[in-house]
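Encoded as structure tokens, the structure appears first; notes follow it.
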Amino acid sequence: MLSHQIITTADGSTTIQIPEWNEQYHSKHGAIQEAKHVFLETGLAALDLDFFRKENKAITILEAGFGTGLNALLTYFWAKENNIKINYISLEAFPVATNEILNLNYPEQVNDAKAAEIFQKIHAIPWNEKNEISPGFHLQKMHQKFDQLSLSNKANIVFYDAFGPRVQPDLWDINVLKLFRNALLNRGVFVTYCAKGSVRRTLESLNFNVQRMPGPPGKREMLRGELIDKVSEV
Ligand SMILES: C[S@@+](CC[C@H](N)C(=O)[O-])C[C@H]1O[C@@H](n2cnc3c(N)ncnc32)[C@H](O)[C@@H]1O
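Take 3 as the starting number for the sequence shown in the working numbering and just add one per residue.
Listed below in structure tokens is the structure:
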């Protein structure tokens with residue numbers, strides 16, 4: 003079992019470090035900053051938010067790696083601010099222990115009086131069931147491995163937040179990424195902090211139109227792909 007240490011990143015928010023891998027759950031340059039930049043400001047911003055508002059339709063997000071729940075927490079407040087409904091599905095094979103969650107400072111770092119209550123709720127709901135966190139925000143945490151994903155034509159966007167290809171190359175392999183492609187609707191968006199050329203080429207081979215986007219502080223680039231002309235599953 004890999005050991006965990008809680009560290010403080012450059013923006014004051016904490017994250018979990020895995021010393022054996024020299025890898026963190028988030029960027030050392032700022033966990034909250036990175037999560038907002040990659041998944042909210044670059045990922046969700048690529049969707050036609052006016053369409054979802056006008057149609058009163060929820061955006062379905064599929065996350066690879068629930069981890070600390072930071073992305074889910076930040077998405078919750080982003081959605082309230084932007085008047086968007088969210089159906090958030092997140093996969094996690096190795097849930098973080100409750101005592102570690104209690105030592106993360108996200109409730110204090112997120113500037114909202116309800117942050118502690120929402121963070122607690124996000125972690126308290128049972129696994130594998132769709133739960134309402136508040137009206138307009140549903141969360142389903144799936145206790146499963148990425149390669150067991152069997153969703154089809156369901157998600158508007160994938161938040162791909164696996165550990166990096168340096169430490170878990172198998173999670174960036176075409177066979178796994180294909181499952182996430184299959185879970186997306188046509189024109190769906192795939193967003194990740196990773197900027198590796200081999201990952202970009204794999205996504206292109208899966209019919210994504212991939213753009214290199216400016217990365218969060220401390221990282222030059224990241225990737226965002228839009229699924230084009232999804233006809234059938236390969
Ligand atoms: C970079 S962290 C995710 C950070 C998370 N999004 C957050 O906001 O805290 C990657 C996560 O993937 C999980 N993971 C690693 N291998 C996995 C696998 N094969 N299937 C599912 N989850 C896996 C890890 O346990 C870890 O929680």
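Glycine included, each C-beta is placed from N, C-alpha and C at the ideal position.
Inset, instruction - Examine ligand 1 and report whether any of its heavy atoms sits within less than 7 Å of the Cβ of Tyr-27. - result: yes
Legend entry - Interface flag, Tyr-195 vs chain B, CB-CB below 8 Å: Reference to chain B is not applicable here, since this structure consists of a single protein chain.
Inset, instruction - Assign Ile-127 to one of three DSSP states: helix, strand, or coil. - result: coil
Inset, instruction - Determine, using beta carbons only, whether Asp-149 and Leu-181 come nearer to each other than 8 Å. - result: yes
Legend entry - Buried or exposed (CB count within 10 angstroms, at least 16 for buried), Lys-56: exposed
Inset, instruction - Could you have a look at Gly-14 and say whether DSSP puts it in helix, strand or coil? - result: Correct three-state label for Gly-14: coil.
Legend entry - Bridge partners - Val-193, DSSP secondary structure assignment: For Val-193, which the question treats as bridged, DSSP gives the partners Phe-161 and Arg-226.
Legend entry - As assigned by DSSP and simplified to three states, the class of His-140: Three-state result, His-140: strand.
Legend entry - For Tyr-90, the residue or residues it bridges with in DSSP: Ile-63 and Leu-141
Legend entry - Whole-Å CB distance - Ile-159 paired with Leu-49, under 8 Å assumed: About 6 Å separates the two Cβ atoms, so the contact holds.
Inset, instruction - Over the uninterrupted alpha helix (DSSP H) stretch that includes Gln-111, give me the two end residues. - result: 108-111
Inset, instruction - Rounded to whole angstroms, what's the CA-CA distance from Val-236 to His-39? Just pull it up for me. - result: The predicted position of Val-236 is uncertain, since its pLDDT is 48 and thus under 50; a value taken from the coordinates is nonetheless stated next. Going by the C-alpha atoms only, they are around 32 Å apart.
Legend entry - The beta strand (DSSP E) enclosing Val-212, as first and last residue numbers: 210-216
Inset, instruction - Could you please give me the residues that DSSP links to Leu-186 through a beta bridge? - result: DSSP lists Ala-157 as partners of Leu-186.
Inset, instruction - Given a cut-off of 8 Å, decide if Glu-83 and Tyr-195 are closer than it, judged by their beta-carbon atoms. - result: Result no, Cβ atoms of Tyr-195 and Glu-83 do not sit closer than 8 Å.
Legend entry - C-alpha distance - Thr-10 paired with Asp-175, whole-angstrom precision: 31 Å
Inset, instruction - Compute the minimum distance between the beta carbon of Glu-36 and the heavy atoms of ligand 1, and state whether it is under 7 Å. - result: No, ligand 1 has no heavy atom inside 7 Å of this Cβ.
Legend entry - Glu-94 versus Gln-111 - alpha carbon distance: 24 Å
Inset, instruction - Indicate whether Leu-205 and Leu-179 have their beta-carbon atoms separated by less than 8 Å. - result: yes
Inset, instruction - Go ahead and label Glu-228 buried or exposed: buried means 16 or more other beta carbons lie within 10 angstroms of its beta carbon, across all protein chains shown. - result: Classification for Glu-228: buried.
Legend entry - Delimiting residues of the alpha helix (DSSP H) encompassing Leu-76: 72-84
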